[in-house]
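Protein chains in written order, with this note's numbering: chain A, 45 to 335; chain B, 45 to 335.
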């Protein structure tokens with residue numbers, strides 16, 4: 045299951061604008077299906093699928109990420125392995141085109157699990173990971189949006205990306221990647237890299253990826269709320285995501301949503317925002333995409 | 045309820061070494077009692093108590109924090125208000141003597157909730173918060189420890205500090221502050237500033253502050269595990285903390301512990317480490333401190 049963000053997504057209310065987004069999700073779901081059918085591990089699959097969405101300038105992650113207050117690109121990503129709760133996260137990192145893969149390297153490092161800002165970039169350099177110039181991640185659309193929001197316009201769109209998967213061994217994994225908020229202040233971290241807030245995977249319950257106003261999602265710990273609702277709500281994924289977004293609305297009047305796959309491979313999604321772009325393949329069936 | 049860290053704390057096995065630590069906790073508990081009796085809000089009380097522990101060079105937070113790989117001091121802190129789940133967190137921030145108060149300013153900013161590294165310092169500067177030279181936070185004991193650990197010795201001690209409180213209005217709050225791991229890499233973030241991992245407060249359940257090997261605590265989301273165990277385990281605080289550390293041990297063979305105060309003002313503590321330094325006042329009774 046993948047998502048391309050929860051938010052106003054006003055442009056996607058126009059049927060003429062939606063096809064490229066839906067096409068992108070379908071392509072990623074086809075990629076994920078192929079990898080899983082070939083015996084791929086859930087952790088590898090969520091990383092591979094999230095990379096494709098990071099590379100796609102339509103989404104607010106990697107190339108095409110929103111610009112911060114100073115017009116730069118600072119990225120957050122988290123990835124989690126449901127087998128053993130291994131975790132890797134990076135936040136406020138610059139010059140890295142695929143932060144989800146840097147987060148994966150942190151996960152594999154076996155030492156730290158969460159690296160930020162210049163420290164995350166230094167870790168990437170120590171690994172010899174390719175760096176890009178910050179402007180290579182910037183699109184004209186994001187520059188125009190940055191000008192509008194800095195001039196006082198309401199920041200409308202979220203395009204955080206995320207992926208959750210269950211592999212043939214029954215293992216779960218989740219990944220979330222984002223550029224965060226338009227015109228965010230320096231060093232701002234949202235929910236995406238934070239386990240329990242924007243990303244969570246535990247083979248005993250489910251894998252979750254979230255999107256929305258990161259501050260709201262951090263305050264309620266949205267992903268973990270859903271995982272607990274699943275555990276204590278009869279293991280019904282549809283109920284779990286609904287409980288989670290009801291909690292988000294009730295406690296912090298929060299804007300956001302989540303995708304969830306449970307240990308049985310059942311998919312669910314809920315959101316408090318006008319729209320959430322998501323797609324899924326349940327039990328090897330048809331590709332379904334919704335806005 | 046306050047703590048001064050979970051860990052090996054080998055020096056505290058020597059009865060001759062323990063009195064200054066116990067005295068420090070007692071003084072902080074007396075301070076907290078006075079503030080609460082005067083009608084203080086839980087959020088103010090946990091900030092005030094945590095500041096005192098940050099200022100005390102005995103503990104790994106603020107002055108007396110452990111040194112990172114390069115011999116510098118990078119601090120993490122988080123604070124949370126159980127009334128409305130408002131949250132403030134800073135991580136990998138330098139030159140700030142009381143990161144819990146910077147986290148409190150983030151909480152009050154109403155915009156972002158989590159700021160890291162240079163961005164957190166810039167936010168402090170925009171507020172006109174006092175800065176200190178990094179060496180002012182460094183003690184000779186931490187320099188000696190840094191030399192030993194860089195030379196290959198096992199890093200033995202944790203001295204993270206934290207505080208949870210319930211005020212006369214029944215509101216809960218929690219704060220956690222730390223220098224993290226000795227010889228940690230640049231940009232490393234542990235559990236302390238992460239809501240759901242090292243800090244959590246929700247009037248509907250409890251307030252929690254944790255300490256231990258931050259990576260382990262992030263992977264399981266220790267604070268939130270306890271809050272959920274409380275909600276689904278008959279609201280018994282002693283059971284909740286035990287369930288949480290059992291989960292920590294079972295899933296990640298983790299080293300750590302937590303203090304918890306529930307909405308009824310009952311206190312509990314559990315840990316998987318040899319020792320945890322903590323003290324509490326339950327229902328306005330006697331001060332109790334334990335190692």
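Heads up, the beta-carbon is just placed ideally off N, CA and C, and yes, glycines get one too.
Since the model is a prediction, treat every value here as computed from it, not as a measurement.
Residue span of the beta strand (DSSP E) that contains residue i, given as start and end
{"i": "residue 56(B)", "result": "Counting along the chain, residue 56(B) falls outside any beta strand (DSSP E), and DSSP gives it neither H nor E."}
{"i": "residue 250(A)", "result": "250-256"}
{"i": "residue 216(B)", "result": "216-222"}
{"i": "residue 130(B)", "result": "130-137"}
{"i": "residue 208(B)", "result": "205-210"}
{"i": "residue 23(B)", "result": "Absent from the model: residue 23(B). The displayed extent of chain B is 45 to 335, so no value can be given."}
N-terminal and C-terminal residue of the alpha helix (DSSP H) that residue i is part of
{"i": "residue 45(B)", "result": "Premise fails: residue 45(B) is in no alpha helix (DSSP H) and is neither H nor E."}
{"i": "residue 333(B)", "result": "Per DSSP, residue 333(B) belongs to no alpha helix (DSSP H); it is in the beta strand (DSSP E), 331-334."}
{"i": "residue 266(B)", "result": "266-276"}
{"i": "residue 167(A)", "result": "161-171"}
{"i": "residue 294(A)", "result": "281-296"}
{"i": "residue 74(A)", "result": "62-81"}
{"i": "residue 194(B)", "result": "184-194"}
{"i": "residue 93(B)", "result": "86-99"}
Whole-number beta carbon distance between residue j and residue i, since they are thought to touch under 8 Å
{"i": "residue 69(B)", "j": "residue 323(B)", "result": "4 Å"}
{"i": "residue 181(B)", "j": "residue 242(B)", "result": "Wrong, their Cβ atoms sit about 20 Å apart, outside the cutoff."}
{"i": "residue 307(A)", "j": "residue 249(A)", "result": "7 Å"}
{"i": "residue 332(A)", "j": "residue 209(A)", "result": "With a Cβ gap of about 15 Å, residue 332(A) and residue 209(A) do not count as contacting."}
{"i": "residue 301(B)", "j": "residue 320(B)", "result": "4 Å"}
{"i": "residue 126(A)", "j": "residue 217(A)", "result": "6 Å"}
{"i": "residue 104(B)", "j": "residue 202(B)", "result": "6 Å"}
{"i": "residue 240(B)", "j": "residue 48(A)", "result": "So it is not a contact: roughly 25 Å between Cβ atoms."}
{"i": "residue 129(A)", "j": "residue 264(B)", "result": "6 Å"}
{"i": "residue 51(A)", "j": "residue 317(A)", "result": "5 Å"}
{"i": "residue 162(A)", "j": "residue 161(B)", "result": "6 Å"}
{"i": "residue 158(B)", "j": "residue 229(A)", "result": "About 11 Å separates the two Cβ atoms, so there is no contact after all."}
{"i": "residue 56(A)", "j": "residue 335(A)", "result": "5 Å"}
{"i": "residue 411(B)", "j": "residue 72(B)", "result": "Outside the modelled stretch of chain B, which goes from 45 to 335, sits residue 411(B), for which no answer is possible."}
{"i": "residue 108(A)", "j": "residue 183(A)", "result": "5 Å"}
Residue i vs residue j beta-carbon contact at 7 Å
{"i": "residue 227(B)", "j": "residue 193(B)", "result": "yes"}
{"i": "residue 132(B)", "j": "residue 140(B)", "result": "no"}
{"i": "residue 144(B)", "j": "residue 121(B)", "result": "yes"}
{"i": "residue 314(B)", "j": "residue 286(B)", "result": "yes"}
{"i": "residue 77(B)", "j": "residue 325(B)", "result": "yes"}
{"i": "residue 178(B)", "j": "residue 148(B)", "result": "no"}
{"i": "residue 135(A)", "j": "residue 233(A)", "result": "yes"}
{"i": "residue 254(B)", "j": "residue 261(B)", "result": "yes"}
{"i": "residue 80(A)", "j": "residue 280(A)", "result": "no"}
{"i": "residue 273(A)", "j": "residue 288(A)", "result": "yes"}
{"i": "residue 65(B)", "j": "residue 119(B)", "result": "no"}
{"i": "residue 309(A)", "j": "residue 327(A)", "result": "yes"}
Where residue i meets chain B, residues with beta-carbon distance less than 7 Å
{"i": "residue 284(A)", "result": "Chain B residues near residue 284(A): none, gap ~13 Å exceeds 7 Å."}
{"i": "residue 230(A)", "result": "162, 163 and 166"}
{"i": "residue 295(A)", "result": "129"}
{"i": "residue 182(A)", "result": "Near residue 182(A) there are no residues of chain B at all, since even the closest Cβ is about 19 Å away, more than 7 Å."}
{"i": "residue 252(A)", "result": "Those within 7 Å of residue 252(A) in chain B number zero; the least Cβ separation is about 12 Å."}
Listed by chain order, chain B residues near residue i by CB distance under 8 Å
{"i": "residue 126(A)", "result": "Residues of chain B passing the Cβ test: none, with the nearest at roughly 11 Å."}
{"i": "residue 287(A)", "result": "Chain B residues near residue 287(A): none, gap ~12 Å exceeds 8 Å."}
beta-carbon residue i near the ligand ADP non-hydrogen atom, thresh 6 Å
{"i": "residue 139(A)", "result": "The ligand ADP is not part of the structure shown, which contains no ligands of any sort."}
Contacts that residue i makes with chain A (C-beta to C-beta distance below 9 Å)
{"i": "residue 241(B)", "result": "238, 239 and 240"}
{"i": "residue 90(B)", "result": "Within chain A, no residue comes near residue 90(B); the closest Cβ sits about 17 Å away, beyond 9 Å."}
Within chain B, partners of residue i - CB distance below 9 Å
{"i": "residue 281(A)", "result": "Those within 9 Å of residue 281(A) in chain B number zero; the least Cβ separation is about 18 Å."}
{"i": "residue 276(A)", "result": "272, 275 and 276"}
{"i": "residue 226(A)", "result": "Within 9 Å Cβ-Cβ: nothing; residue 226(A) doesn't reach chain B, min ~13 Å."}
Residues that residue i contacts on chain A, provided the C-beta gap is smaller than 7 Å
{"i": "residue 135(B)", "result": "160"}
{"i": "residue 259(B)", "result": "156 and 157"}
{"i": "residue 268(B)", "result": "240, 265 and 268"}
{"i": "residue 193(B)", "result": "What residue 193(B) touches in chain A: nothing, since even the nearest Cβ is about 13 Å away."}
{"i": "residue 110(B)", "result": "Under the 7 Å cutoff, chain A gives no residues; its nearest Cβ is about 14 Å from residue 110(B)."}
{"i": "residue 176(B)", "result": "Those do not exist, as residue 176(B) stays about 19 Å from chain A at its closest Cβ, beyond 7 Å."}
Local Cβ density within 10 Å of residue i, reported as buried at 16 or more and exposed below that
{"i": "residue 189(B)", "result": "buried"}
{"i": "residue 247(B)", "result": "buried"}
{"i": "residue 154(B)", "result": "exposed"}
{"i": "residue 350(B)", "result": "Here chain B comprises residues numbered 45 to 335, so residue 350(B) is not present and cannot be evaluated."}
{"i": "residue 98(A)", "result": "buried"}
{"i": "residue 91(A)", "result": "buried"}
{"i": "residue 237(A)", "result": "buried"}
{"i": "residue 156(B)", "result": "buried"}
{"i": "residue 337(A)", "result": "Outside the modelled stretch of chain A, which goes from 45 to 335, sits residue 337(A), for which no answer is possible."}
{"i": "residue 267(A)", "result": "buried"}
Where residue i meets chain A, residues with beta-carbon distance less than 8 Å
{"i": "residue 264(B)", "result": "129"}
{"i": "residue 72(B)", "result": "Near residue 72(B) there are no residues of chain A at all, since even the closest Cβ is about 27 Å away, more than 8 Å."}
is_contact[residue i, chain C] using C-beta, thresh 7 Å
{"i": "residue 291(B)", "result": "No chain C appears in the structure shown, which is made up of the protein chains A and B."}
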